[in-house]
Every structure is written in structure tokens, then in C-alpha cells.
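To start, the structure itself, in C-alpha cells.
Protein chains: 2
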Amino acid sequence: MNPVQSDAASGHVPEAVVDLLGAIGYAELTAGLRMASDALVAPGLGVRVWMGRSAGAELEHFERIGARLHDLGHDPEAVMAPFTGPVDAFHERTRPRDWLEALIKVYVGDGIARDFYREIAQHVDDASRELIEAVLEADAQEEFVVRTLNDAIELDPPVAGRLALWARRLVGEAIAQTQYVALEREALLGLLVGGHGNGVDLADLGRMFTRLIDLHGQRMANLGLTP
Amino acid sequence: MNPVQSDAASGHVPEAVVDLLGAIGYAELTAGLRMASDALVAPGLGVRVWMGRSAGAELEHFERIGARLHDLGHDPEAVMAPFTGPVDAFHERTRPRDWLEALIKVYVGDGIARDFYREIAQHVDDASRELIEAVLEADAQEEFVVRTLNDAIELDPPVAGRLALWARRLVGEAIAQTQYVALEREALLGLLVGGHGNGVDLADLGRMFTRLIDLHGQRMANLGLTP
Chain D
0 MNPVQSDAAS GHVPEAVVDL LGAIGYAELT AGLRMASDAL VAPGLGVRVW MGRSAGAELE
60 HFERIGARLH DLGHDPEAVM APFTGPVDAF HERTRPRDWL EALIKVYVGD GIARDFYREI
120 AQHVDDASRE LIEAVLEADA QEEFVVRTLN DAIELDPPVA GRLALWARRL VGEAIAQTQY
180 VALEREALLG LLVGGHGNGV DLADLGRMFT RLIDLHGQRM ANLGLTP
Chain G
0 MNPVQSDAAS GHVPEAVVDL LGAIGYAELT AGLRMASDAL VAPGLGVRVW MGRSAGAELE
60 HFERIGARLH DLGHDPEAVM APFTGPVDAF HERTRPRDWL EALIKVYVGD GIARDFYREI
120 AQHVDDASRE LIEAVLEADA QEEFVVRTLN DAIELDPPVA GRLALWARRL VGEAIAQTQY
180 VALEREALLG LLVGGHGNGV DLADLGRMFT RLIDLHGQRM ANLGLTP
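Encoded structure:
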């Protein structure tokens, strides 16, 4: 028999990509559920509707990733299981105290997740990249969040300082948990920094985080907040 | 100019149908958000995944109804606004104390909502009926809930009594709030019972509720619970 020529075509993708889909899948599921939960305390129907739509989009991403894992012959739950600890820990450690913090969490969290997916999509097979890019689909969310947050800050300027601090904490926790996952799972670490094989350079991981933090800073500037 | 020949084709549907779509839309949004919120306390990834998928489906129904209202030239938020009070009141009065109660709420609530939609779909224009039937799309949910609840009751038989009482309270509250909405909005009441014009027979509303309660009883029997 011939050796497998195309991993993607044969339906075999490296363990690290399966891991990655599991991590993203559980992250999307949890983000959707948390956002829905936060939407219940949103002030007014407009914000609630918007948060409900965002939550629905996250849950749909989760569905797609589950379907892909299933097509690859994996049990989505089994693949996601190792990532429940770090993802849940992130959310436990970043419970919004009000809906403004919840909105910042959506904006910062979605933004950094998108940048992160974009980084790693470079290193995976075509079918997985296509899926990851679909999950990144631009949505009109951002405009709504920026407008709503700008309005809230204009109404109550001192809130800006609290929200800037909160955003910084979110990024710190996101990076800490990602690092924790990457260090526990060497194959995944290799994938994240584009290395193939042993001897992954940890400095590469640091550089990736630096890029993510730079992009985060630009988003904070859009809100008029100190990064 | 010719008079409007077909309400549905021209995009004009009676006010009562618009009302109905608003009520269903907000009910689906809220059911999705509540279920997502309850999923966060589900024991184990399996139940969480299942509840997340169900919540995603409800939010997608909400999206479709919003899109239809938009196509009909209405602002979905404005149309839903009158129904936030009764729907929120239903949920405030029926907060599950644990995930088993949450699961019963999904099963009972989805079931009665589906039967209710089926009743009223008889009285609306084709396009709206098509949409309502899409929202009813059979899903594999039921099997999962029945199996999970049966397992839980087998493990802890005394729980059956508490869950039966809980289910009865859910139906009572659902009917009370529906009645409240129908009595406040005469056009909607006419639609619910298939009347056209004045002098709607309130007894018809009672008969519809009786049919819904009968179907609810069959679902309870599937769980081995006293209706």
C-alpha cells in the first residue's frame, strides 16, 4: 500500500490538530454558555438580543467543530475533556461583576481568540484551516460593542479605569491558561509555534503572546481605554 | 391600484401573526439563554454538551423569527417588547433548583411549546406556518432527556415525586402566562383559538389548554411520572 499522501484527504490529521479542535470546541461551547448566562442580566432588550445572537454564533461554532471531530472518527466529548479544566478555570477567575464587564469580556475574549486562531491556522491542514476560518467569520458584533461601551464610558467617565484594569486581567488570565495547556501537551505546543518535532523554542510561544498583546492593545485603543 | 390579493405574498400579515412571532421569538431567545445558563451547572460534559446544543438550537430559532419579522418590515425588538414581561415572569417563577429540574423544564417546556405552536400554525399564513414548522423541527433531544431522567429516577426513586410536582407547576405557570398574554391582546386571542373577528369564545381557549394538558400527560407517562 502507498503511504498516506495527504493527511487531510485521508481524514487523518495529526494528534495536535485534533487536540486543538478539542480545545477550541470546548472554549466556544463555554464562551457561548457564559455569554448567554450574562445576557440574562443585560439591561434592556437590545443588549440581551445582541448577546443572545453572539451566544448563538458561538454555540454554532461549537457544533461545527464537533461535527468535524466526529467526521475524523473522534468522540468530540473525549477530545474536549482534557481542556475543560483550564477553560473552566479561566471563566471561574474572570466572572464579570456587571454587564459592562461582561461586554468587555466578549470583546476582549472574542478578539484575542480570533487573533489566536489566525496564528495557528497557518500551521494546520487545509480542511481544519477552512473550519477555523469559518469560525472566525467577521460579524457585526464589534461595532455594537464598541458603540455600547463608548456610550457607557461617556455617561460615566470614571468607569473607564475599572474597565481598562478588567481587560488587562482578562488577557493575563487567558495567556496564563493557554500557556498552561501548551506546556502540558507538547504536540500542541509544537503546533502553536509552528515547530515540527522536538526541541520547540519556548521563546516562540512568548513571541506569539507578544503579537496577541499588541493586537489587544489596538482593540483597547478603539474603546479609548489604556491597554 | 389593485387591492392586496395575498397577505403572505405581499409581505403583509395580520397584526396578530406579527404579535405571535414576537411572542415566540422572545420565548425562544429566553429559553435558549436560560438553558445555556443552566448548562453551566450540569454534572459532566455529556449533559453540558447536550444542553449547549439545545440552547444553540433555540437561539437559532430566535434568529429565524427575527429575520422574518425584519423581512416583514418590523423591528424585531419592538415586536417582542410587549412579551418580555410575561415570559420573564414565567422564568422567574420557575427557577430550577438543580439540573434535573432544569432538564424537566426543557422537556416539559419544549414539548408544550411545540404542541402550542402546532395548534396555532393552523391559523396563520403559509410563510409564517412554514417558519413555525421549521422551529418545530424534530430533534434528537427527547431521547436524551428521557434516558437521562429515567436513569436519574432509577438511581434515586423518591426523586420522581418531586419531579412530577415540579412538572405540574411548570405547566400551570405556562398556561397562566399564556392566558394573561391572550387576554391582554384580543387579536392574538382570536388567532390562538382560530376565531376571526369579535366575540371570541373564551371556552375555545380553555379547550386548547385541555388538549395541551392531555399531550403533556402523555409525555409525563413516557418518564414514568404521574401527570
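Chains D and G, in that order, are what the protein sequence lines are.
Per numbering that gives the first Met the number 0, residue 0 is the first one in the first sequence, and the count goes up by one each step.
Per numbering that gives the first Met the number 0, residue 0 is the first one in the second sequence, and the count goes up by one each step.
Positions of the beta carbon are idealized from the N, C-alpha and C atoms, including for glycine.
Per DSSP, Arg96 of chain G lies in no alpha helix (DSSP H) and is assigned neither H nor E. Taking every protein chain shown into account, the CB of Gly160 of chain G has fewer than 16 other CB atoms within 10 angstroms, so this residue is exposed. By the Cβ criterion, the region 27–45 of chain D is in contact with the region 75–89 of chain G, since at least three pairs of Cβ atoms, one from each stretch, lie closer than 8 angstroms.
Closest by C-alpha distance to Arg113 of chain D, out of D:Ile131, D:Gln217, D:Ile103 and D:Ala126, is D:Ile131.
Val144 of chain G and Ile103 of chain G have their C-alpha atoms roughly 8 angstroms apart.
Assignment of Thr209 of chain D by DSSP, reduced to helix, strand and coil, places it in the helix class. Of all alpha-carbon atoms in G:Gly24, G:Gly189 and G:Val134, the one lying nearest the alpha-carbon of His73 of chain G is that of G:Gly24. Within 7 angstroms of the CB of Thr209 of chain G, no CB atom of chain D is found; the nearest one sits about 33 angstroms away. At a Cβ-Cβ threshold of 7 angstroms, Ala186 of chain G and Glu76 of chain G do not count as neighbours. About 5 angstroms separates the beta carbon of Leu222 of chain G from that of Leu148 of chain G, a gap short enough to meet the 8 angstroms contact definition. Taking the Cα positions, Val158 of chain D is about 29 angstroms away from Ala56 of chain D.
Closest by C-alpha distance to Ala101 of chain G, out of G:Gly51, G:Leu135, G:Gly65 and G:Asp124, is G:Gly51. Within the same chain, Cβ atoms closer than 7 angstroms to the Cβ of Ile111 of chain G are found at Val170, Ala173, Leu211 and His215, the five residues on either side in sequence being excluded.
For the 7 angstroms CB-CB criterion, Val16 of chain G and Val105 of chain G do not form a contact.
Under the Cβ distance rule, Gly55 of chain D counts among the residues neighbouring chain G, one pair being separated by less than 7 angstroms. Gly31 of chain G is not a Cβ neighbour of Met79 of chain G, given a cutoff of 7 angstroms. Assignment of Thr177 of chain G by DSSP, reduced to helix, strand and coil, places it in the helix class. Classified as exposed, Gly205 of chain G has fewer than 16 neighbouring CB atoms from the shown chains inside 10 Å of its CB.
Taking the CA atoms as reference points, Ala220 of chain G sits about 12 angstroms from Val107 of chain G. The Cβ neighbour count for Pro156 of chain D, taken over all protein chains shown within 10 Å, is under 16; the residue is labelled exposed. Below the 7 angstroms Cβ cutoff, chain D contributes Leu44 as neighbours of Thr83 of chain G, in chain order. Taking 7 angstroms as the Cβ-Cβ cut-off, the region 69–93 of chain G approaches chain D at Glu76, Met79, Ala80 and Thr83, given in chain order. About 4 angstroms separates the beta carbon of Val134 of chain G from that of His60 of chain G, a gap short enough to meet the 8 angstroms contact definition.
The alpha carbon of Thr209 of chain G has as its nearest neighbour, out of G:Leu162, G:Asp125, G:Arg146 and G:Glu118, the alpha carbon of G:Glu118. Counting only residues of its own chain and dropping the five nearest sequence neighbours on each side, Trp49 of chain D has a CB closer than 6 angstroms to the CB of Phe143. In the three-state scheme derived from DSSP, where H, G and I count as helix and E and B as strand, Asp150 of chain G is classed as helix.
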